[in-house]
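2 protein chains.
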Amino acid sequence: MRNALRIGLVLAALAAFTAQGQAADENTPPAVQALHAHPARTPPSLLAGAPASAWRTLDPHDTLYVTLPQGRVVIALAPQFAPRYVANIKKLARQGFFNGLPIFRVQDDGVAEWGDTTGRKSVGTARRMVPAEFARPSRHLPFTALPDPDTYAPQVGFSDGFPAARDPVFDRAWLVNCYGMVGAARGNNVDSGGGTTLYAIIGGPQRDLDRNTTLVGRVVQGMPLLSSLPRGKGPLGVYMNRSHWVRIESVQVASDLPAAKRTPLEILRTDTPTFTRYVQALRDRRGPWFKVPAGRVGVCAVPIPVRRAP
Amino acid sequence: MRNALRIGLVLAALAAFTAQGQAADENTPPAVQALHAHPARTPPSLLAGAPASAWRTLDPHDTLYVTLPQGRVVIALAPQFAPRYVANIKKLARQGFFNGLPIFRVQDDGVAEWGDTTGRKSVGTARRMVPAEFARPSRHLPFTALPDPDTYAPQVGFSDGFPAARDPVFDRAWLVNCYGMVGAARGNNVDSGGGTTLYAIIGGPQRDLDRNTTLVGRVVQGMPLLSSLPRGKGPLGVYMNRSHWVRIESVQVASDLPAAKRTPLEILRTDTPTFTRYVQALRDRRGPWFKVPAGRVGVCAVPIPVRRAP
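Listed in order, the protein sequences are those of chains A and B.
All you need for my numbering is the position in the first sequence, starting with 1, plus 35.
All you need for my numbering is the position in the second sequence, starting with 1, plus 35.
Structure (structure tokens):
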């Protein structure tokens, strides 16, 4: 998603494209207008006009930096949904647990997975296993519901910047496995995960994993560093040769870095009128290109905008 | 999706994993069982037991080979849905139109797009523009409907091996923009596409494009060659530097190659009891790992199985 970059670029490009679009004949051959052909999902003008209060700074205490040889992946953690997992993962990170561990599995239209492949690396004062946090009470949870039907859940929407679902009857809410979501691998026992091995969704949503794994956050910058990795040729995308492993240089909690070393990101608050208008604009795509606005939008088809702090 | 490979490998790996799974303690730390943590979406045993009649050979007359420096991408064309576009694209291919043209745009969680960036390359006896084929009559169209609600369409399912939607009231059916689907770029005019520039979905479904582009087929092998390409840093994923372009060596119609040079693939027929059982198995994931079977499945979450011909 890499929304910060995407939005920035789309904004930067808009003037040029709009001018080009206005000048172009309706019958200009397709290639000339190829850049119009698949507009970004993000209505940029709406976001450009949003008040500063519609954005919030990512909390550095709940932000992870995964440093790969290719660059930094930024993960916004979700303590509202997985408090024990988030605390454990931060503890692991602060002990340098992930440093030097590999991305060992990249499955096409699936997940990238990294962490301890041996199950034996010392977790120090952290825990190797943490009780599952698949869902939580939905009452008192901020939730911006989408009006459209979802295949999998009674209701879907957004909570504190994360795509989520809820079942009001049973008072349960949970995060959903959209593109960029990060979860904890586990064995067959529901309580056998702990965050020592994590995955990110790099393809279509894997909603069948909802409530089967503990989701701990979302990649808010750097997705291409994961999504464009070579796919593993082993079962489920495992790299058959360790020489293909991508070594994690470090995983750090942002607040442990001096401010100058942090990536200053803001996320569009999902409980604001701006966000509601943004969702509405995605549901009802207009402009010269769209001919049949869907009038609907899926929970995983709403990129939650992220930008560099101005 | 690269189902052929995926399924083959999963089958090959099953014995090992099953044995390992049975031997593993329920409380074995997660990394040891990491391979169980995100099972492939494909219930392999079901497919292994399918009768030969449940599979059909890809029709070489409606199969394209896109040869990249990295290998071959195989596209199953959909003349049932886009007869004029498919005919035009085959004509373009047979004239060598695509040979040497670039993949010029790779947008993260979006599309890869290739073709004529100038709009001026000679189309010979083919056409530069073809009237849109966004939808077709749904009556008399084979359609295996999914029982679960869809966000975007009144009904979704599968037709002749493609993910599709239909609206029985208005007698319309159309292909949907799931992972791996291939469509024709166009300008603002609905009839300004023609297949000289094509895109493939390399991230989450882009259902807002449904009925806004003419979908012409689906990548049935070689998706990783597209999905793992570096993302373009320009607007909408355009490669800012032509040195990043991936040059297409050739696009050929499979039937124009001698049999020995073809990729012998079979696709699971979507109008068979095997396919229905397969969908049901995806809806109701069981086994030692899944704790909360979704009981539902989305049209874009059903990988349509493809295998090498036995």
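Cβ atoms here follow ideal geometry from the backbone N, Cα and C, with glycine treated the same way.
This one's a predicted model, so the numbers in the text were calculated from it and none came from an experiment.
Thinking residue i and residue j are a contact (beta carbons under 8 Å), I'd like their distance in whole angstroms, please.
i, j, result
"Ala208(B)", "Leu176(B)", "5 Å"
"Ile138(B)", "Trp280(B)", "7 Å"
"Arg242(A)", "Asn212(A)", "6 Å"
"Pro104(B)", "Arg321(B)", "Actually they do not touch by this definition, with Cβ atoms about 43 Å apart."
"Pro95(B)", "Arg246(B)", "About 29 Å separates the two Cβ atoms, so there is no contact after all."
Looking only at its chain, what residues have a beta carbon closer than 6 Å to the beta carbon of residue i, apart from the 5 residues adjacent to it on each side?
i, result
"Ala329(A)", "none"
"Gly215(B)", "Met36, Arg253, Val254 and Met258"
"Val288(A)", "Lys125 and Ala128"
"Phe325(A)", "none"
"Ala85(B)", "Thr309"
"Ser290(A)", "Pro95 and His96"
"Ala188(A)", "Ala200"
"Val5(A)", "Outside the shown range of chain A (36 to 345) lies residue 5(A), about which nothing can therefore be said."
"Thr63(A)", "Reliability fails at Thr63(A), whose pLDDT of 36 lies under 50, so the model's placement of it is uncertain and the value that follows must be treated cautiously. For Thr63(A), where only same-chain residues beyond five positions count, there are no Cβ hits under 6 Å."
Assuming contact is defined by CB atoms lying nearer than 8 Å, are residue i and residue j in contact in what I supplied?
i, j, result
"Thr179(A)", "Thr305(A)", "yes"
"Val217(A)", "Gly252(A)", "yes"
"Thr186(A)", "Thr311(B)", "no"
"Gly196(B)", "Leu181(B)", "no"
"Ala336(B)", "Gly239(A)", "yes"
"Val225(A)", "Val108(A)", "no"
"Gly150(B)", "Phe133(B)", "yes"
"Leu264(A)", "Ser263(B)", "yes"
"Arg140(A)", "Ile302(A)", "no"
"Val286(B)", "Asp183(B)", "no"
"Leu82(B)", "Leu300(B)", "no"
"Pro308(A)", "Asn223(B)", "no"
"Thr232(A)", "Arg163(A)", "no"
"Gln130(B)", "Leu271(B)", "no"
"Val334(A)", "Pro198(A)", "yes"
Does the beta-carbon of residue i have 16 or more other beta-carbons within 10 angstroms, so that it is buried, or is it exposed?
i, result
"Phe116(B)", "buried"
"Thr152(B)", "buried"
"Ala235(A)", "buried"
"Ser80(A)", "exposed"
"Val204(B)", "exposed"
"Arg343(B)", "exposed"
"Glu61(A)", "Only weak support is given to the placement of Glu61(A): the predicted model assigns it a pLDDT of 36, under 50, and the value that follows is read from those uncertain coordinates. Exposed, because fewer than 16 other Cβ atoms sit within 10 Å of the Cβ of Glu61(A)."
"Asp144(A)", "buried"
"Pro340(B)", "buried"
"Ile42(B)", "For Ile42(B), the predicted model reports a pLDDT of 29, less than 50, meaning its position is unreliable and no value from the coordinates is stated."
"Ser88(B)", "exposed"
"Ala295(B)", "exposed"
"Arg318(B)", "buried"
"Tyr278(A)", "The displayed chain sequence assigns Ser, not Tyr, to residue 278(A). Classification of Ser278(A): exposed, given that the 10 Å Cβ count is below 16."
"Ser157(B)", "exposed"
"Pro338(A)", "buried"
Can you find the residues in the same chain that come closer than 8 Å, C-beta to C-beta, to residue i, ignoring five residues on each side of it along the sequence?
i, result
"Gly112(B)", "Just to set this straight, residue 112(B) is Leu in the shown sequence, not Gly. Cβ neighbours of Leu112(B) beyond the five flanking positions: Asp97, Thr98, Leu99, Val121, Ile124, Lys125, Val251 and Gly252."
"Pro118(B)", "Glu168"
"Arg174(A)", "Asp206"
"Ala58(B)", "For Ala58(B), the predicted structure reports a pLDDT of 30, less than 50, and the residue's modelled location is therefore unreliable. A value from the coordinates is still provided. If we look at Ala58(B) and ignore the five residues flanking it on each side, it has no Cβ neighbours."
"His73(A)", "With a pLDDT of only 43 at His73(A), under 50, the local geometry of the prediction cannot be trusted, and the value read off the model is given with reservation. The answer is none, since no qualifying residue turns up."
"Glu244(A)", "Note that residue 244(A) is Leu in the sequence shown here, rather than Glu. Result list for Leu244(A): Asn212 and Gly218, in chain order."
"Met275(A)", "Gly267, Lys268 and Gly269"
Note down, in chain order, each residue of its chain lying with its Cβ closer than 7 Å to the Cβ of residue i, except the 5 sequence neighbours on either side.
i, result
"Leu260(B)", "Leu103, Gln105, Gly106 and Val108"
"Thr249(B)", "Ala117, Tyr120, Ala167, Glu168, Phe169, Gly218, Ala219 and Gly228"
"Val327(A)", "none"
"Arg221(A)", "Ser227, Gly228 and Thr248"
Where the segment 225-253 of chain A meets chain B: residues whose CB sits under 9 Å from a CB there: Contacts with chain B (Cβ-Cβ distance below 9 Å) from the segment 225-253 of chain A involve Val225, Asp226, Ser227, Gly228, Gly229, Gly230, Thr231, Thr232, Tyr234, Ile236, Ile237, Gly238, Gly239, Pro240, Gln241, Arg242, Asp243, Leu244, Asp245, Arg246, Asn247 and Thr248, listed in chain order.
Cβ-based contacts, 9 Å cut-off: residues of the segment 309-339 of chain A near chain B: Leu317, Arg318, Arg320, Gly322, Pro323, Trp324, Phe325, Lys326, Val327, Pro328, Ala329, Gly330, Arg331, Val332, Gly333, Val334, Cys335, Ala336 and Pro338
Contact set between the segment 171-202 of chain B and chain A, restricted to residues whose Cβ is under 8 Å from the partner: Within the segment 171-202 of chain B, Asp183, Pro184, Asp185, Thr186 and Tyr187 place their CB atoms closer than 8 Å to a CB of chain A, listed in sequence order.
Tell me which residues of the segment 262-283 of chain B have at least one Cβ-Cβ distance to chain A shorter than 9 Å, keeping chain order. Listed by position along the chain: Ser262, Ser263, Leu264, Pro265, Arg266, Lys268, Gly269, Pro270, Leu271, Gly272 and Val273.
Check each residue of the segment 119-147 of chain B: if its Cβ is closer than 9 Å to any Cβ of chain A, include it; give the result in chain order. Near chain A, meaning a CB-to-CB distance below 9 Å, the residues of the segment 119-147 of chain B are Phe139, Arg140, Val141, Gln142, Asp143, Asp144, Gly145 and Val146.
Please list the residues of the segment 98-119 of chain A that have a C-beta atom closer than 9 Å to any C-beta atom in chain B, keeping them in chain order. none
What residues from the segment 211-222 of chain B come within 8 Å of chain A, judged by C-beta to C-beta, listed N to C? Cys213, Tyr214, Gly215, Ala219, Ala220, Arg221 and Gly222
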